[in-house]
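Visitor:
Residue numbers (the numbering used here), protein chains in the order written: chain X, 1 to 352; chain E, 1 to 352; chain S, 1 to 352; chain G, 1 to 352.
(1) Check distances from the C-beta atoms of the region 233 to 246 of chain X to those of chain G and list, in chain order, the residues that come in under 9 angstroms.
(2) Does the beta-carbon of residue 301 of chain G have 16 or more other beta-carbons within 10 angstroms, so that it is buried, or is it exposed?
(3) Using a Cβ-Cβ cutoff of 7 angstroms, what residues of the region 17 to 28 of chain S are near chain E? List them in chain order.
(4) If you reduce the DSSP assignment to three classes, tell me which class residue 231 of chain S lands in.
(5) Between residue 291 of chain E and chain X, is there a C-beta pair that is closer than 8 angstroms?
(6) Locate the alpha helix (DSSP H) running through residue 106 of chain G, then write down its first and last residues.
(7) What residues in its chain sit with their C-beta under 6 angstroms from that of residue 342 of chain G, if we drop five residues either side in the sequence?
(8) For residue 33 of chain S, which beta-bridge partners are listed by DSSP?
(9) Just tell me which of X/219, X/204, X/245 and X/183 has its CA closest to the CA of residue 305 of chain E.
(10) According to DSSP, simplified to helix, strand and coil, what is residue 161 of chain S?
(11) Along chain G, in chain order, which residues have C-beta atoms closer than 9 angstroms to that of residue 249 of chain S?
(12) Pull up the DSSP beta-bridge partners for residue 96 of chain X, would you.
(13) Got a sec: is the Cβ-Cβ distance from residue 305 of chain E to anything in chain X below 8 angstroms?
(14) Kindly list, in the order they appear in chain X, the residues whose Cβ is closer than 9 angstroms to that of residue 13 of chain G.
(15) Identify whether residue 299 of chain S lies in helix, strand or coil by the three-state DSSP scheme.
(16) Per DSSP, residue 53 of chain G is paired with what?
(17) What would DSSP say about residue 241 of chain G, mapped onto helix, strand or coil?
(18) Within the continuous alpha helix (DSSP H) that includes residue 21 of chain E, where are the two ends?
(19) According to DSSP, is residue 258 of chain E part of a helix, a strand, or is it coil?
(20) Could you check whether residue 241 of chain S and residue 148 of chain S sit closer than 8 angstroms to each other, using their CB atoms as the reference points?
(21) Short check: CB of residue 256 of chain S to CB of residue 137 of chain S, under 8 angstroms?
(22) Between the C-alpha atoms of residue 220 of chain X and residue 196 of chain E, what's the straight-line distance to the nearest angstrom?
(23) Thinking residue 69 of chain G and residue 93 of chain G are a contact (beta carbons under 8 angstroms), I'd like their distance in whole angstroms, please.
(24) Is there contact between the region 2 to 12 of chain S and the region 154 to 174 of chain E, where contact requires at least three CB pairs shorter than 8 angstroms?
(25) Could you pull the start and end residues of the alpha helix (DSSP H) that residue 61 of chain G belongs to?
(26) Going by the DSSP bridge assignment, what does residue 313 of chain S pair with across the sheet?
(27) Determine, using beta carbons only, whether residue 274 of chain S comes closer than 8 angstroms to chain X.
(28) Please state if the CB of residue 228 of chain E and the CB of residue 109 of chain E are separated by a distance shorter than 8 angstroms.
(29) Leaving out five residues before and five after residue 104 of chain X in sequence, what residues of the same chain have Cβ atoms less than 7 angstroms from its Cβ?
(30) Can you tell me whether residue 182 of chain S is buried or exposed? The criterion is at least 16 other CB atoms within 10 Å of its CB, across all chains shown.
(31) When the Cα atoms are used, what is the spatial distance from residue 151 of chain G to residue 113 of chain S?
(32) 8 angstroms is my cut-off, CB to CB: does residue 269 of chain E come that close to chain S?
(33) I'd like to confirm the pairing. Which residues does DSSP put opposite residue 335 of chain X in its beta bridges?
(34) Would you report the Cα separation of residue 212 of chain X and residue 273 of chain G, rounded to the nearest angstrom?
(35) Could you tell me the distance, in whole angstroms, from the CA atom of residue 313 of chain G to the CA atom of residue 287 of chain G?
(36) In three-state terms, what does DSSP make of residue 134 of chain E?
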């Protein structure tokens, strides 16, 4: 198989990760790099790390899409849905890294506003491979999950699938700056963020809540093999993201009561069993470091039970640009196209 | 007044902050700098920032204490209690930055092991000035609270004092590296912590829980003017600290149900009223940055109500070495000795 | 004395440092904060660290200048000269942090283009206090030196004044991000600068060269008490600045041959003697840390002789926003207005 | 070919990089991980990023060497020479990342003290592939160059080989913390290095000078294909290393006069031609970022001529743990064993 592949938004951080992985993917024949703002400019103008390695130029998005078998869309939400529709019309398949293919039109409207192309929803499959693996082969649109949603969902999925997850888990996330993208903005200015931590979008305002509550709600009803299009009841969670002075990494900490008592060992076994066949998730005793997955597409998961009250805290680290973006997108692509699941993925972070 | 003041542990980060503040304190006459490991060595050997400003040497701890009117103890828990006892015996008053004067001997034993000098407890007053101001004047031992305990307590005190605090608030803390002290340790090595975040001591294992639960428990029963020696019922909380790649700063995020409904405006007014007379605490609408208090002894507090379920998230930022250590110690000293409360404190962080 | 003082550009990093120092300066009566972009907006909108401490608003620049006795100009070069002229016309005195008052109009034209108000030059005195102290009292315009120029000049001045400085010293500077100001720009984006170092404006293109070469040239001819308006021959140097992932700090390293042999001890004595009466410069054996002056207005200077070839490397660290900007401006103001030189300056960095 | 390969010092940062590259090297059959301090312990105890990927334990160094065809030695200088001797005695070939195989015994003694096994020198070839490629095939001991030596040498080699390099180039290096290794040490403590830059080992005291001066001296006499064992005259340079708050990366800046005039374009062509056949070195117009090679084994080189005086500044960035350590070692191994030169090397840094 030798696919014609297009990346839109190839000048953003999602694009950088896709270029890295798809350049070495054995199924990728040609790779067109679309960028609205840098069309016609050398790729190395955006990406100094590719100097001497990749000599081409960015093309306009329309041009990049022409004749593509697969389109990876690393463009902003709202602006992406029209590209999904256009790609489907042209007979291409899509891996969408934006929010535009993740939610049914009603839920989307609640969190993002009116969806510009609700007709694409039917073609979409939610691309959290660990939960939706069975329905992804053949998918016309793989919706790569949000980075915070990935970390929180992986931290709580085994509890949800086992119907152990109590009401109102309190989830926090510590996240690096690259999740906010590459566009200059004062809060992301080095001098402002260095030595600084702050919460943002707390108290029910972060849009990734929609995905998290859908995934956990589905898991409670559907068990382990989730279906995007089966109706579900959201499982309410609280989410507080925190920005920390690091470039990559998400650490999700989720504290919850259980629906029935379970000790540390039983829960650890439950988690290990849940993820036993997931090559990109590792369950471990040690509390995980974000640095252990920086540059990698893996997730590390751990948990602790509070002996004083039986509440459990579960932990998940990912690289927001790896398992949280490009890595997850390629993982979803692999399953959708029946390549081996880990093809072209990053397994090992380059510590330190 | 011209006091003879001693600092023990003057070669640690707590000591560095005490030197800075006490050198300019108008009530301080002489300042002896005690250090076990560096006795006899120039102060600038430990503190490059004092080169050209402070030409003396460290003295042995015993020597530093001799003839002191006040002893600031910035030494490790367990090792500090004997110094408290010795100082009291010698007629000196004490500001203890360690954990050894914060908890009654029974509670101490639960969290730290047998207290070596339980007889000192009667002389101790818990030095969270905002809650214990009324009982501090004249105190023989001011117990400066732990850094995480300070941030979490300030975030929740107004709710607790108003009996609004629900069961089992879920508290997380994002903290900088300097809280772990100056001694080299592999997890604090630059190459290991740079670009890294991890949770530590979660699920009921962090010792600051004892202080937090005592303060919140007292507030529920005693209201606004807390007494160290009145029996109390701890208010159970969950605490997950996270280490982030920054030197200074603690951001506490506490998510809780309320005992009765209250909206954002009412809670904000409650917080503003609670801290109206506290010069070192500022309540603000904007979500606070740790950098806004780096190098300062102030706390910034904010809150948000989740409109979806009425849960409230409260936020507090401090500098762990300012309001979380040396600043708070000097604030307690000021009140205990009836100096103006803000004497020699740092008000303004030097952004950026 | 109770001066009416205006700061223009009060929403930039230079402005932040000026606010901090001038708020506590005993000679400052009123302080007007001018900002073109934020006129009418609360000061805390720009400066989170002032929340609860400073409740006013920014004013338009013209308004801030009205009735001012002294104007501190922390505005961009080119745009500042008109404010200098206007302030002088209105009878105010000026401390100019921009480049517009540092160079004679001919030299200015070479490096920055045509000077818009060459008539102001006569009123200007170059504000490197350590070299120009004698001519600053009464100055109508104090030209605060550039940050890199300050560090390199202080590293080499004793050699130049002693006519020991050889030809073509090779100077490099490692500098933090805040020197580039607060405006968002992609190379200063956290995700781009974190973990990154790069050279910029090398090979004779950095404009601070004009000041450095003037100062060293004057020193060779005038000795220790330099005069701004006496003609001089520039002393050619090479300068390579490097941006490093830190917020504050400049480390200048200057390697040069000497005009005659001198050993380490002799040079160290020369440096100590040269700066013996300079309260803001400390000469030390130990190689200096930028962190030892972060937040401070001092400079630390050291040197080493290469025993293999007699070349000497001299070192100077400053905080680019302290001795390199606001601190130096206030120091120059103090001398120009005959206040004690260190009034309201930051002496001690808050390590760590 | 299926080699039995041992890594000694596999628990250090050099070891981490070797594990990453050699695990995927097609010629490596078995990989023994030797560690003196962690023998018998799980590899993941040292390396959290390998959790779930590599389940083995470290072995004692002697055991790791047994039966090895090739030994990679990432152990400290002085302690490594005996392992070189032992490996050669056992018939193994060696890639030595320490300083012990880089210098002839006389030069070694000057910089490091008496060499414990001078008899090994005859078997050594200096492993800067770009300069010594022709003599490496079949080498019994490949001496991987020091990280600073690599950056400075690559920055100046084309000038030296063309006999353009003037006297006494002034070289500075900005380097990250990982070059100092993983052992905890106070100057490398996060709270001490964060926000800090300092010079270290200036003025002729850094031991990498011996290698740099040898390489440049050989190039002036031997041209492009250097020989380790041909006598040479060192080319004297000045070197000032600076530690900056980043984990990976070296930026070398070298400023020098030329022996004859040459303009920017001619020099750029010279550099491009010099490195035209070197897959791990890229010559570019843009001033290079260390981040562009973080995690990569490539070097980026650039230069600028000062139009004012004809001095040239040349720049080279590498990852000190990539081209500066494990990457270079594997590159040397590849050439010595006649594998394709870039086998198992990291080409593309994962920006950001």
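C-beta atoms are modelled at their ideal positions from N, C-alpha and C, and glycine is treated no differently.
Note that the structure is a prediction, hence the values are computed from the model and not measured.
Guide: Looking at the atomic coordinates:
(1) none
(2) Here residue 301 of chain G refers to the residue found at position 301 when the fourth chain is read from its first residue. Residue 301 of chain G should be labelled buried.
(3) 20
(4) One-based indexing of the third chain puts residue 231 of chain S at position 231. In this structure, residue 231 of chain S counts as coil in the three-state DSSP scheme.
(5) In the second chain, residue 291 of chain E corresponds to position 291, counting from 1. So yes, residue 291 of chain E belongs to the interface.
(6) For the purposes of this step, residue 106 of chain G is taken as residue 106 along the fourth chain, with counting starting at 1. 105 to 112 is the extent of the alpha helix (DSSP H) around residue 106 of chain G.
(7) Here the question's residue 342 of chain G lines up with position 342 in the fourth chain. Contacts found: 279.
(8) Here residue 33 of chain S corresponds to residue number 33 of the third chain, with the count starting at 1. Looking at the DSSP assignment, residue 33 of chain S forms a beta bridge with S/7.
(9) For the purposes of this step, residue 305 of chain E is taken as residue 305 along the second chain, with counting starting at 1. Of the candidates X/219, X/204, X/245 and X/183, the one whose C-alpha sits nearest the C-alpha of residue 305 of chain E is X/204.
(10) Here residue 161 of chain S refers to the residue found at position 161 of the third chain. Of the three classes helix, strand and coil, the one that applies to residue 161 of chain S here is helix, per DSSP.
(11) Residue mapping note: residue 249 of chain S aligns to position 249 of the third chain, counting from 1. Ordered by position in chain G, the residues that pass the 9 angstroms Cβ test against residue 249 of chain S are 195, 196 and 197.
(12) Looking up residue 96 of chain X in the first chain gives position 96. DSSP, once it has assigned bridges, lists X/73 and X/143 as partnering residue 96 of chain X.
(13) Position 305 of the second chain holds residue 305 of chain E. At least one chain X Cβ lies under 8 angstroms of residue 305 of chain E.
(14) Against the fourth chain, residue 13 of chain G aligns to sequence position 13. Result: 351 and 352.
(15) In the third chain, residue 299 of chain S corresponds to position 299, counting from 1. In the structure shown, residue 299 of chain S sits in a strand (DSSP, three-state: E or B).
(16) Counted from its first residue, the fourth chain places residue 53 of chain G at position 53. Per DSSP, none; premise fails for residue 53 of chain G.
(17) As a first step, residue 241 of chain G is located in the fourth chain; it is residue number 241 there, counting from the start. In this structure, residue 241 of chain G counts as strand in the three-state DSSP scheme.
(18) In the second chain, counting from the first residue as 1, residue 21 of chain E sits at position 21. 13 to 23 is the span of the alpha helix (DSSP H), which, as asked, contains residue 21 of chain E.
(19) To locate residue 258 of chain E, count along the second chain from 1; it is residue 258. In this structure, residue 258 of chain E counts as strand in the three-state DSSP scheme.
(20) Counting from 1 along the third chain, the entry for residue 148 of chain S is found at position 148. Counting from 1 along the third chain, the entry for residue 241 of chain S is found at position 241. Yes, Cβ-Cβ distance for residue 148 of chain S and residue 241 of chain S is below 8 angstroms.
(21) If you number the third chain from 1, residue 256 of chain S lands on position 256. If you number the third chain from 1, residue 137 of chain S lands on position 137. In this structure, residue 137 of chain S does not lie closer than 8 angstroms to residue 256 of chain S by Cβ.
(22) As a working note, residue 220 of chain X is residue 220 in the first chain. As a working note, residue 196 of chain E is residue 196 in the second chain. Each residue's Cα considered, the two are about 33 angstroms apart.
(23) By one-based count along the fourth chain, residue 69 of chain G stands at place 69. By one-based count along the fourth chain, residue 93 of chain G stands at place 93. The Cβ separation is near 7 angstroms, so the contact holds.
(24) no
(25) Here residue 61 of chain G corresponds to residue number 61 of the fourth chain, with the count starting at 1. 61 to 65 is the span of the alpha helix (DSSP H), which, as asked, contains residue 61 of chain G.
(26) The residue you call residue 313 of chain S lines up with position 313 of the third chain. In DSSP, residue 313 of chain S forms a bridge with S/255 and S/304.
(27) What you label residue 274 of chain S is simply residue 274 of the third chain in a count that begins at 1. Not one chain X Cβ lies under 8 angstroms of residue 274 of chain S.
(28) Translated into positions along the second chain, residue 109 of chain E becomes position 109. Translated into positions along the second chain, residue 228 of chain E becomes position 228. Contact flag unset, no.
(29) Within the first chain, residue 104 of chain X is the residue found at index 104, counting from 1. So the qualifying residues of the chain are 121.
(30) The sequence position of residue 182 of chain S within the third chain is 182, counting from 1. Residue 182 of chain S comes out buried.
(31) For the purposes of this step, residue 151 of chain G is identified with residue 151 of the fourth chain, where counting begins at 1. For the purposes of this step, residue 113 of chain S is identified with residue 113 of the third chain, where counting begins at 1. Answer to the nearest angstrom: the Cα atoms are 37 angstroms apart.
(32) Translated into positions along the second chain, residue 269 of chain E becomes position 269. Not closer than 8 angstroms to any Cβ of chain S, the Cβ of residue 269 of chain E fails to qualify, so no.
(33) Here residue 335 of chain X refers to the residue found at position 335 of the first chain. Residue 335 of chain X is not bridged to any residue.
(34) As a working mapping, residue 212 of chain X is identified with position 212 in the first chain. As a working mapping, residue 273 of chain G is identified with position 273 in the fourth chain. So the alpha carbons of these two residues sit roughly 55 angstroms apart.
(35) For the purposes of this step, residue 313 of chain G is identified with residue 313 of the fourth chain, where counting begins at 1. For the purposes of this step, residue 287 of chain G is identified with residue 287 of the fourth chain, where counting begins at 1. Between residue 313 of chain G and residue 287 of chain G, the C-alpha separation is close to 11 angstroms.
(36) Translated into positions along the second chain, residue 134 of chain E becomes position 134. Note: residue 134 of chain E maps to helix in three-state DSSP.
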